[in-house]
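Residue numbers (numbering that gives the first Met the number 0): 0 to 410. Even glycine gets a Cβ: it sits at the ideal position worked out from N, Cα and C. Everything on this sheet refers to the single structure shown next.
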Amino acid sequence: MLAQCQMLYERWTGILDKRRHDLALRHPDLADGWTFDQLDQEAQKIVLPESGPIVANGDDPLFIPTVLAAWAKRRPVLIQEQKKQVPMEIHTDLPNDIALIKQSCGASGIERSLFYGETRLLAEGMRNIHALESLGMTSDCRSLGAISLAHSYGFGCLVLPLLLAGIPLDVLSGPLPMFVQQGLDRGPEKSFFLPGVPALWKTWWLTKILHHPSIRIAVSAGAPLSLELEQGIWNDTGLKVHNFYGTGETGAVTCDFTNEPRTETSLLGTILPGIDVKTDADQRIYVKTDATARFADRLLTPDEFTEPYYRTMDIGEVRGNELHWHTHTGEAINVAGRKVSPAKIERACLSLTGVTNAKVTSQRSRDFERFEEVKVAVQLEPECDLKALKHHAAEILDSWEMPRHWELLPD
């Protein structure tokens, strides 16, 4: 058995020995991509800061080499989606065995840092890899990265399978249909794993790119997948989109392994091996898994990470080995699979001189796949106008965090 401190990087070196000259990574900023050997060489070139977490930016071609460089030196890597982001201050001391830090609001809506040790990160990675193998992943498959690599979903199902199982990854310029089409058409490979969220699956379906014969495995997560969308894709293309459920705190929990469309919207899928799920009298979902985060620097409850079962923000029920989802209780706003913090949007609005009040709420989207939309009601002084506020907010917030609905409150 590998020493605990070496599990992740030793796993990578084993992959490297077997696939050194194979193409590991394609990226829009890399003309010819990188082989596994070149990926490792790029990681060795990275000069790490002397202290503190190593920041890896998801929109940087050096994102994955940075993760490797941190693991090689037993340093924690903090993943964030864009270079322009400023990492949140970490309000705790870090143990020596922390391998990964995620910063987000999660379903709770509270911005915080989550910390993962090597054993827990390896458990998540291997569970995702085994799920992909059960869905039909073979040695000739590549992954298509249309979603963010630094989001929990993308990191778990795209980055970890590359580094821990050698599943090659083609990073796309974005999720637009033209980029996905280019990815499917590029190179001699004829077998791809494509993860997305319901809003993307709807767009890809309506633009006809899902007729492409090279899509072998299709997975949807982040928000509820409607029966109408799943059945529509199936009827038009014969492609089964598999529902996938997890949380940022616990990693993957369930997967729909069936070969035909579901008949119940609430069905998330089969509980994955090594995981136990239960509900309480209020139908709150509790998850017991070896992949749960070690701790967070802001706790939702004093015993959040010390109890055997992690208390999620979701409401549902267990039926045999299947989990069904009904609703969520957290403060976060789920915009097309991304969790948005109301407090962050409120701060962004109030940081503009002339904004005296801001109240952020959510409302259900008319588009089921988008799920929720951000609404903000603001009170402005005479010298401040809504156009200026929208421009100011757009400079601070990410595109998915921008409110879709604005309301002016009376003085």
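Give the DSSP-derived three-state secondary structure of residue i in the structure shown.
i, result
"Thr-352", "coil"
"Gln-3", "Any reading at Gln-3 must be qualified, since the residue scores a pLDDT of 40, below 50, and its modelled position is unreliable; no value is offered."
"Gly-51", "coil"
"Ile-232", "helix"
"Ile-109", "coil"
"Glu-394", "helix"
"Arg-363", "strand"
"Val-418", "Summary: the structure shown does not reach residue 418, with the chain confined to residues 0 through 410, and so no result is reported for it."
"Phe-294", "strand"
"Trp-11", "helix"
Using the beta-carbon count (16 or more within 10 Å), is residue i buried or exposed?
i, result
"Gly-124", "buried"
"His-404", "exposed"
"Arg-185", "exposed"
"Ala-335", "buried"
"Ser-147", "buried"
"Asn-56", "buried"
"Thr-305", "exposed"
"Ser-138", "exposed"
"Lys-82", "exposed"
"Gln-79", "buried"
"Thr-311", "buried"
"Lys-277", "exposed"
"Glu-88", "exposed"
"Thr-65", "buried"
"Glu-49", "exposed"
With residue i as the anchor, note down where its alpha helix (DSSP H) starts and where it stops.
i, result
"Asn-333", "Per DSSP, Asn-333 belongs to no alpha helix (DSSP H); it is in the beta strand (DSSP E), 332-334."
"Arg-119", "117-134"
"Leu-183", "176-184"
For residue i, which beta-bridge partners are listed by DSSP?
i, result
"Pro-194", "Val-218"
"Arg-411", "The displayed coordinates of the chain run from 0 to 410. Any statement about residue 411 would go beyond what the structure contains."
"Ser-142", "Leu-168, Phe-192"
"Leu-22", "Thr-34"
"Asn-242", "Ser-219"
"Phe-304", "DSSP output for Phe-304 lists no bridge partner at all."
"Ile-100", "Leu-77, Phe-114"
Which residues bound the beta strand (DSSP E) around residue i?
i, result
"Leu-266", "266-270"
"Gly-315", "309-318"
"Gly-250", "250-254"
"Trp-405", "404-407"
"Trp-399", "That residue, Trp-399, is in no beta strand (DSSP E); it is neither H nor E in DSSP."
*Do the stretch 128-135 and the stretch 99-116 make contact, defined as three or more Cβ pairs closer than 8 Å?*
Contact fails: fewer than three Cβ-Cβ distances are below 8 Å.
*Determine, using beta-carbon pairs with one atom in the stretch 165-180 and one in the stretch 108-118, whether at least three such pairs fall under 8 Å.*
Because the criterion of three Cβ pairs below 8 Å is not met, the stretch 165-180 and the stretch 108-118 do not touch.
*Can at least three beta-carbon pairs, one atom from the stretch 375-387 and one from the stretch 351-358, be found at a separation below 8 Å?*
Contact between the stretch 375-387 and the stretch 351-358 is present: three or more C-beta pairs spanning the two stretches fall below 8 Å.
_I'd like to know if the stretch 231-251 and the stretch 385-399 are in contact, where contact means that at least 3 CB-CB pairs between them fall below 8 Å._
No, they do not touch.
_Could you check whether the stretch 315-322 touches the stretch 198-207, counting it as contact only if at least three pairs of C-beta atoms, one from each stretch, sit closer than 8 Å?_
These segments do not touch.
*asked:* Within 8 Å, do at least three Cβ pairs link the stretch 323-343 to the stretch 363-379?
replied: A contact exists between the stretch 363-379 and the stretch 323-343.
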